[in-house]
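Here our numbering = 1-based position in the sequence shown + 12.
Glycine residues also receive a C-beta, built at the ideal position from the N, C-alpha and C atoms.
If you're wondering where the values come from, they're calculated on a predicted model, not measured in any experiment.
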Amino acid sequence: MGGRVVGGLLKSLEDPILSKWIVVALALSVGLNGYLFNMARWGISESNLPESTEHHHIDRKELARAQRFNETEPSTIPLGQYIAPTPQPTEPATPALTDDEGDGLTMTKTKSAPSVNSVNRSNAELDQMLLEKRVPEMTDEEVVSMSMRGKIPGYALEKTLGDFTRAVKVRRTIISRTKATSHITHSLDRSKLPYQSYDWERVFGACCENVVGYMPLPVGVAGPLVIDGQSYFIPMATTEGVLVASASRGCKAINSGGGAITVLTGDGMTRGPCVSFETLERAGAAKLWLDSEEGQNVMKKAFNSTSRFARLQTMKTALAGTNLYIRFRTTTGDAMGMNMISKGVEHALNIMATDGGFDDMTIVSVSGNYCMDKKPAAINWIEGRGKSVVAEAIIPGDVVKSVLKCDVDTLVELNISKNLIGSAMAGAMGGFNAHAANIVAAIFLATGQDPAQVVESSNCITIMKNLNGALQISVSMPSLEVGTLGGGTILEPQSAMLDLLGVRGSHPTNPGDNARRLARIIAASVLAGELSLCSALAAGHLVRAHMQHNRSAAPSRTTTPAPPTPVTLAMTNGFEKANGKNAAAQQRSKR
């Protein structure tokens with residue numbers, strides 16, 4: 013039987029037409045089996061990926077090309093390579109910059125983009141135009157083409173084109189067409205990230221690189237808040253609903269008690285370099301010299317010679333093996349001052365090596381993390397950094413009841429249990445408060461401060477006491493790092509918010525007073541935020557206020573919604589006014 017089947021198959025192969033169809037069928041079978049095998053293999057390998065992860069083949073050449081887009085020559089830009097633009101005065105006029113930190117910027121006149129040229133230039137023609145520095149005459153498409161060919165680095169578009177807005181637009185197009193990120197479906201050049209009608213000249217070389225747009229943030233004002241006898245509206249940039257309304261409620265309560273008072277207990281920015289020696293004996297000798305009167309005088313003279321405003325106050329030294337850490341503490345005028353201090357520290361260390369007789373010293377880093385900058389650290393909490401401020405308010409008991417819908421003893425007990433004991437149980441370091449970082453971050457963003465320094469600037473301990481039936485509340489903030497010139501304060505929107513507070517730029521007669529005033533304002537604002545949030549927590553209706561006005565209605569176990577509580581109405585009074593419901597709110601409050 014089997015022999016007859018095989019014989020029949022062999023005989024059928026002798027037919028030329030039938031044999032061709034058999035060969036085709038075999039080829040299709042082999043191809044199909046190979047495809048199914050590969051699909052099974054890919055399915056196994058991709059089964060280990062997260063469900064939301066798509067498998068994309070990464071072209072290493074395209075990835076390398078994309079990385080070269082923003083590479084510089086050399087790879088790290090030396091300080092001072094960019095000539096920063098000088099901000100033009102705006103109304104109302106503010107004092108000219110008097111600090112010598114190098115924050116001045118030079119404005120350049122923007123040019124209109126050239127009209128689209130219908131003639132397609134060859135690469136050779138474009139290369140020649142590049143050599144002749146005629147890139148501004150190219151169309152946007154030609155500039156994009158040149159950049160993607162590696163002829164114009166992405167970081168150099170502003171200087172090459174001479175038109176900052178056009179440079180941002182072209183950069184967005186280049187990034188959108190980069191093949192290394194072609195798997196991303198949302199194109200940057202068609203995104204809703206805005207870039208037009210912005211003063212990019214102020215940003216260039218001072219605030220940000222490789223710019224593709226700006227991020228709008230809602231800015232609200234809390235208050236007014238009476239601080240040291242003067243009232244202020246507090247600008248807050250935030251996306252957290254109820255935060256500004258809650259701070260305003262705290263401001264109202266503080267004002268009802270006569271306002272907040274502040275005390276500045278310290279003013280000194282720090283930089284902590286690390287130097288090393290071959291032996292412990294030499295490292296110890298350097299420490300003893302720095303701690304001596306001679307060493308202090310030599311280093312102060314050297315440091316102070318580098319600036320009109322930076323003045324060395326003290327140096328704290330610590331040894332770790334043959335490493336010596338030196339914490340310079342200095343005044344910096346109205347600037348936050350990190351650049352100013354770094355320049356002074358470098359010069360002082362050079363004088364230490366030459367005049368001090370420590371030429372065998374190796375400077376490991378101008379910042380050895382003994383400062384301590386943008387990281388939580390006990391040294392900032394204990395010794396302070398930047399401005400150290402204490403703010404206090406005394407609020408009569410009847411005001412606590414009528415405005416905060418609470419009572420003094422309940423607030424005092426909550427503060428002890430939450431902000432003191434609870435924080436201690438969590439091992440907090442500088443975090444003995446309810447939400448100081450909320451207020452600090454919002455004001456930092458609104459006024460052009462360094463957002464990363466919220467880490468140490470929000471160090472705060474909140475204390476509440478029953479003072480003869482009144483609530484005595486204070487916040488102690490040892491490391492507020494702020495400035496009113498330089499950095500993000502040169503941008504016009506942020507400058508406008510500093511103008512709102514009356515602290516923009518350098519103080520005309522007593523440099524440093526504007527920055528110190530800003531620190532006092534922030535501390536008093538934190539006081540208002542702590543007061544309002546703790547009152548809401550004591551009443552137990554914080555979540556309901558957030559859900560009602562920021563997200564959706566709070567879930568309820570009853571079929572009939574419970575009427576809003578007085579504390580909810582108080583926290584969200586500002587929102588109800590905006591919706592025309594003030595009359596109803598007052599009626600419910602009276603009930």
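The alpha helix (DSSP H) enclosing residue i, as first and last residue numbers
| i | result |
| --- | --- |
| Cys263 | 255-268 |
| Arg184 | 176-189 |
| Val515 | No alpha helix (DSSP H) contains Val515, which DSSP labels as neither H nor E. |
| Leu169 | 169-173 |
| Phe456 | 448-459 |
| Glu153 | 152-160 |
| Leu143 | 135-143 |
| Asp421 | 420-427 |
| Glu468 | 466-469 |
| Glu213 | 212-215 |
Contact under 9 Å by Cβ, residue i with residue j
| i | j | result |
| --- | --- | --- |
| Met489 | Asn427 | no |
| Gly284 | Gln325 | no |
| Leu237 | Ala536 | yes |
| Arg189 | Val156 | yes |
| Ala259 | Ile246 | yes |
| Val275 | Lys386 | no |
| Ala540 | Gly235 | yes |
| Thr343 | Gly356 | no |
| Glu154 | Leu143 | no |
| Phe321 | Pro523 | yes |
| Ala616 | Val415 | The structure shown has nothing for residue 616, since the chain only spans 13 to 603. |
Run of the beta strand (DSSP E) containing residue i, from where it starts to where it stops
| i | result |
| --- | --- |
| Cys546 | Unbroken run through Cys546 is the alpha helix (DSSP H), 525-551; no beta strand (DSSP E). |
| Val376 | 374-377 |
| Ala332 | 323-332 |
| Val339 | It should be pointed out that residue 339 corresponds to Arg in this sequence rather than to Val. Residues 335-343. |
| Lys477 | 472-479 |
| Met311 | Taken as a continuous stretch (DSSP letters only), Met311 belongs to no beta strand (DSSP E), being part of the alpha helix (DSSP H) at 305-316. |
| Pro490 | 482-492 |
| Val287 | 286-288 |
| Asp279 | 273-283 |
Residue i versus residue j: straight-line alpha-carbon distance, rounded
| i | j | result |
| --- | --- | --- |
| Ala458 | Gly232 | 9 Å |
| Thr250 | Asn445 | 20 Å |
| Thr374 | Val287 | 5 Å |
| Lys241 | Gly270 | Going by the sequence as given, residue 241 is Gly instead of Lys. Each residue's alpha carbon lies about 9 Å from the other. |
| Thr110 | Phe216 | Residue placement at Thr110 is poorly supported in this model, since its pLDDT is 38, which falls under 50; the coordinates are not used for a value here. |
| His359 | Leu336 | 17 Å |
| Met384 | Glu493 | 12 Å |
| Ala179 | Ile273 | 48 Å |
| Thr496 | Gly396 | 19 Å |
| Gly214 | Phe176 | One point to set straight first is that residue 214 is Arg, not Gly, in the sequence displayed. Straight-line Cα distance between these residues: approximately 10 Å. |
| Leu543 | Gly253 | 17 Å |
| Gln484 | His195 | 59 Å |
| Asn450 | Ala389 | 19 Å |
| Glu221 | Arg183 | 11 Å |
| Tyr207 | Leu432 | 46 Å |
| Thr172 | Lys145 | 8 Å |
| Asn392 | Asp152 | 50 Å |
| Gly499 | Pro505 | 13 Å |
| Ile363 | Ala508 | 42 Å |
| Leu91 | Leu292 | The predicted model places Leu91 with a pLDDT of 33, which falls under 50 and marks its position as unreliable; any figure quoted below should be read in that light. One C-alpha to the other measures close to 34 Å. |
| Leu229 | Ile502 | 17 Å |
| Ala597 | Glu425 | Any reading at Ala597 must be qualified, since the residue scores a pLDDT of 43, below 50, and its modelled position is unreliable; no value is offered. |
| Lys430 | Gly439 | 13 Å |
| Ala405 | Lys328 | 34 Å |
| Glu149 | Lys163 | 16 Å |
| Thr318 | Asn309 | 15 Å |
Anticipated Cβ contact below 8 Å, residue i with residue j, distance rounded
| i | j | result |
| --- | --- | --- |
| Arg529 | Val538 | About 15 Å; that fails the 8 Å criterion. |
| Leu263 | Leu423 | Looking at the sequence provided, one finds Cys at residue 263 rather than Leu. Not a contact, Cβ separation roughly 17 Å. |
| Asp421 | Asn478 | 6 Å |
| Gly481 | Gly409 | 5 Å |
| Ser469 | Val402 | That pair is no contact at about 15 Å. |
| Gly296 | Leu331 | 7 Å |
| Glu533 | Ile239 | Note on residue identity: the sequence assigns Ile, not Glu, to residue 533. The Cβ separation is near 6 Å, so the contact holds. |
Paired residues, beta bridge with residue i - DSSP
| i | result |
| --- | --- |
| Pro247 | Val233 |
| Asp410 | Paired residues: none, contrary to the question. |
| Met352 | Its beta-bridge partners do not exist; DSSP assigns none. |
| Met441 | Note: Met441 sits in no beta bridge, so no partner. |
| Gly368 | Its beta-bridge partners do not exist; DSSP assigns none. |
| Lys399 | Asp279, Leu492 |
| Ile239 | Gln242, Ala272 |
| Leu497 | Ala347 |
| Glu404 | Ile273, Ser486 |
| Thr220 | Reading off the sequence, residue 220 comes out as Cys, not Thr. Answer is Phe216, bridged to Cys220. |
Residue i: CB within 8 Å of a non-hydrogen atom of the ligand MG
| i | result |
| --- | --- |
| Asp201 | Within the structure as shown, the ligand MG is missing, as the structure has no ligands at all. |
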